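Taking full-length UniProt numbering, I'd label the letters of the sequence shown as residues 1 to 554. Glycine included, C-beta positions come from ideal geometry on N, C-alpha and C. Computed from a predicted structure; not experimentally measured. What follows is a short report on a single structure.
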Amino acid sequence: MAETREFQAEVKQLLHLMIHSMYSNKEVFLRELISNASDATDKLRFEALKDPALLEGDAEYKVEIEVRKDARELIIRDNGIGMSEQEVIENLGTIANSGTRKYLEALSGDEKKDSQLIGQFGVGFYSSFIVADQVTVNTRRAGQEQGVRWVSAGEGDYTIEPVDKATRGTEIVLHLRDGEDEFLEHTRLRHVIHKYSEHLSLPVRLHRPADGEDEGGYDTVNQGTALWARPKADVKDEEYHDLYRQLSYDPEPPLTWSHNKVEGNLEYSSLLYIPAKPPFDLWDRDSRRGLKLYVQRVFIMDDAEKLLPSYLRFVRGVIDSNDLPLNVSRELLQSHRVIDKIRAASIKRVLSVLGDLAKNDADKFARFYDAFGPVIKEGVVEDPDNRDKIIDLLRFHTTRTEGQARISLRDYVERMAKGQEDIYYLTAENLTTAKASPHLEAFAKRDIEVLLLTDRVDEWMVNALPEFDGKTLKSVVRGDVDLGKLIEDPQAEGEKARVEALYKDVIERVQGVLGERVESVRVSQRLTESPSCLVVADNAMSRHLEQLLRQAGE
Ligand code: ADP
Ligand code: MG
1 MAETREFQAE
11 VKQLLHLMIH
21 SMYSNKEVFL
31 RELISNASDA
41 TDKLRFEALK
51 DPALLEGDAE
61 YKVEIEVRKD
71 ARELIIRDNG
81 IGMSEQEVIE
91 NLGTIANSGT
101 RKYLEALSGD
111 EKKDSQLIGQ
121 FGVGFYSSFI
131 VADQVTVNTR
141 RAGQEQGVRW
151 VSAGEGDYTI
161 EPVDKATRGT
171 EIVLHLRDGE
181 DEFLEHTRLR
191 HVIHKYSEHL
201 SLPVRLHRPA
211 DGEDEGGYDT
221 VNQGTALWAR
231 PKADVKDEEY
241 HDLYRQLSYD
251 PEPPLTWSHN
261 KVEGNLEYSS
271 LLYIPAKPPF
281 DLWDRDSRRG
291 LKLYVQRVFI
301 MDDAEKLLPS
311 YLRFVRGVID
321 SNDLPLNVSR
331 ELLQSHRVID
341 KIRAASIKRV
351 LSVLGDLAKN
361 DADKFARFYD
371 AFGPVIKEGV
381 VEDPDNRDKI
391 IDLLRFHTTR
401 TEGQARISLR
411 DYVERMAKGQ
421 EDIYYLTAEN
431 LTTAKASPHL
441 EAFAKRDIEV
451 LLLTDRVDEW
461 MVNALPEFDG
471 KTLKSVVRGD
481 VDLGKLIEDP
491 QAEGEKARVE
501 ALYKDVIERV
511 QGVLGERVES
521 VRVSQRLTES
531 PSCLVVADNA
541 MSRHLEQLLR
551 QAGE
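Encoded structure:
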């Protein structure tokens, strides 16, 4: 007996949106269903390492696609892990993570972008309803007896019932809507499958109907070899772009990439991409990050955050190791010697790719920095081993740069004023506030350049960066900034004493009025136009950091 169940409210909303807003890029449903089939075979391959009985004698993983023209049905069939009844209810009736809400928030109205988002947010299955007015899922989990059938028209509810299914895995039957006949055509399907599955390591087979002499049968549409395992010279740029698109769901081509085969002590292939744009969840605590990990071509896990530190979380790609055990788990990864080595080498690789970009392609590097500059800065705190390399990549606005131009610390040091010993910086909310700061007056007067730091992470970063090239980084708002040495006039010291004597009364009065609220009141050489300003004692928290902590609810 079939049981009827309601979709979760969010799923209803999502379905409505998909059905009524994806007009021009409908074919993405096929990409999503093939990608699910591929995930399902990856999962089984992995579980079967521990429990070979799950294979039920069939280890030839594949996806098959078949058309039943008269019935207007398109069928996508895999021999992957399948789903139990409970899994069907959880996966195809609710949205386990916060995916939907985020997906809905991220929608831009641009269909091309929005259709890429479907995959990113883990709502791919529901895209079937873009082209189908009824979807039937027949599935049996590997190793279990009982199959399950799920049927829905994509409106408010679905039915679920037990079913007999001889083969393990999942079969999805789409009954196409009126007007979607193109997805019944062999050439059209072939084209779409080719486009989205060329680099899957799983064969995708399309059924060719019988025609005269031809009895029909299944043709494999994709090459099915892992691109990263091929020699670099044989891989075209477009192929690298295609794989990047599959990995990242980013419609734009990557900024650059690095493909390497490491041999010797440790054997692995790595393909690391630097995206051109930040993903929507760059600042999410639980954003997907890291690389896909394979062991001897077998997919092990997504999102292997152990492979790269958090400050390189924007990197996408694949690591394929020959040295790890196939049954490697997340726990094992935490402290595996091989992983530590691959990680260290991958960090170096990424930093050197970025270093080359900085040296040879200023334009691309600026694009990289616009997108990921603030993230890279976290590395100054997070990765002391590579700090120098990271610092070389940093670029800053200053009191002398214009527009979006930025300079490196090296540039800064090279053009320091005569007699200047320290590197000066000011942290602020944004460039406009920074440039208007009264603290800069004395520096401008003496022709001293000041770094203007406006990223949220800057405060933490400079704390971890006490000096560069033997020069101390000093905040212009701190009490120990001594510009005295930079005053050319030898009588300046005498002058200072004279001014102090002159203003003794004023200082005492101000101190009396402000009382406990300030630590001290002094005559200063900081200002040339504003009458007074607040400074911070040398060991105190800066005001900007204070504000940040207050915002963060500390
Ligand atoms: P995602 O793939 O990002 O998790 P989807 O909406 O595409 O999101 O799929 C939801 C879930 O449904 C999957 O995570 C998986 O557990 C399950 N699922 C979908 N298709 C299959 C399939 N062919 N075989 C096994 N499980 C599947
Ligand atoms: Mg999916």
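Output needed for Ile407: all residues of its chain with C-beta closer than 7 Å, excluding positions within five of it in sequence on either side, in chain order.
Arg395, Phe396, Thr398, Thr401
Tell me whether Gly373 counts as near the ligand MG, meaning its Cβ is closer than 6 Å to at least one heavy atom of that ligand.
Distances between the C-beta of Gly373 and the heavy atoms of the ligand MG are all 6 Å or more.
Between the region 82-95 and the region 197-210, are three or more C-beta pairs nearer than 8 Å?
no
Can you tell me whether DSSP reads Phe468 as helix, strand or coil?
strand
For the pair the region 334-343 and the region 294-303, tell me if three or more CB-CB distances fall below 8 Å.
No: fewer than three Cβ pairs fall under 8 Å.
Ala417 and Asp447 closer than 7 Å at C-beta:
yes
How should Val477 be labelled, buried or exposed, when 16 other C-beta atoms within 10 angstroms of its C-beta is the threshold for buried?
buried
Exercise answer, beta-carbon shell around the ligand MG heavy atoms below 6 Å
Counting every residue whose Cβ lies closer than 6 Å to a heavy atom of the ligand MG, we get Glu32, Ser35, Asn36, Gly124.
Given the structure, does Asp284 come close to the ligand ADP, in the sense that its CB is under 6 Å from one of the ligand's heavy atoms?
no
I need the DSSP call for Thr187, collapsed to helix, strand or coil.
helix
Would you say the beta carbon of Met83 comes nearer than 6 Å to a heavy atom of the ligand ADP?
Yes; taking the cut-off as 6 Å, the Cβ of Met83 has a heavy atom of the ligand ADP nearer than that.
Is there at least one non-hydrogen atom of the ligand ADP closer than 6 Å to the beta-carbon of Ala40?
Yes, the Cβ of Ala40 comes within 6 Å of a heavy atom of the ligand ADP.
Apart from the five residues just before and just after Tyr273, which ones in its own chain have a Cβ nearer than 6 Å to its Cβ?
Tyr244, Pro254, Trp257, Arg316, Gly317
Would Leu33 and Ile76 qualify as a contact pair, given that the criterion is a beta-carbon distance under 7 Å?
It is a contact, given that the beta carbons lie within the stated cut-off.
What residue from Asp133, Asp383, Tyr126 has the CA that sits closest to residue 565's CA?
Residue 565 is absent from the model: the chain starts at 1 and stops at 554.
Closer than 6 Å: Asn138 CB and nearest the ligand ADP heavy atom
Asn138: no, Cβ never under 6 Å from the ligand ADP.
Taking only heavy atoms of the ligand COA into account, decide whether any of them is closer than 6 Å to the Cβ of Asn79.
Only the ligand ADP and the ligand MG can be found as ligands here, which leaves the ligand COA out of the picture.
Based on the DSSP output, what are the partners of Ile423 in its beta bridges?
Leu473
What is the DSSP secondary structure of Asp320, reduced to helix, strand or coil?
strand
Counting C-beta neighbours from all protein chains within 10 Å, is the total for Asn430 16 or more, i.e. buried, or is it exposed?
exposed
Quick one: what's Tyr218 bridged to in DSSP?
His207
Is it right to say Met1 is buried, meaning 16 or more other beta carbons lie within 10 angstroms of its own, or is it exposed?
Under the 10 Å beta carbon count, Met1 is surrounded by fewer than 16 other beta carbons and is classified as exposed.
Let's see if you can read the secondary structure: which residues bound the beta strand (DSSP E) around Gln134?
Judged by DSSP secondary structure, Gln134 falls within the beta strand (DSSP E) whose first and last residues are 132-140.
Applying the 10 Å Cβ sphere with the 16-neighbour rule, what's the burial state of Glu508?
Within a 10 Å sphere around the beta-carbon of Glu508 sit fewer than 16 other beta-carbons, which makes this residue exposed.
Collapsed DSSP secondary structure at Asp157 in the structure displayed
Residue state for Asp157 is assigned as strand, using DSSP reduced to three classes.
For the alpha helix (DSSP H) that Ser248 lies in, which residues bound it at each end?
237-248
The ligand ADP heavy atom lying under 6 Å from the CB of Asn91
yes
Counting C-beta neighbours from all protein chains within 10 Å, is the total for residue 555 16 or more, i.e. buried, or is it exposed?
Since the displayed the chain opens at 1 and closes at 554, residue 555 lies outside it and no answer follows.
Leaving out five residues before and five after Arg208 in sequence, what residues of the same chain have Cβ atoms less than 8 Å from its Cβ?
His186, Asp214, Gly216, Gly217, Tyr218, Asp219
Of all the options Ala132, Thr136, Arg140, which has the alpha carbon lying nearest to the alpha carbon of Ile81?
Arg140
Quick one, which of Leu74, Glu180, Ala210, Ser346 has its alpha-carbon nearest Asn25's?
It is Glu180.
So who's on the other strand from Leu453, going by DSSP bridges?
Thr427
Where in the region 272-314 do unbroken runs of the beta strand (DSSP E), each at least 3 residues long, occur, reported from the N-terminal end onward?
Entirely contained in the region 272-314, the beta strand (DSSP E) runs reaching 3 residues are, in chain order, 291-295, 298-304.
Give a yes or no on whether the C-beta atoms belonging to Phe129 and Gly156 are separated by under 7 Å.
no
Any heavy atom of the ligand ADP closer than 6 Å to the Cβ of Thr225?
no
Nearest to Leu502 by alpha carbon, out of Arg522, Asp211, Arg415, Val518?
Arg522
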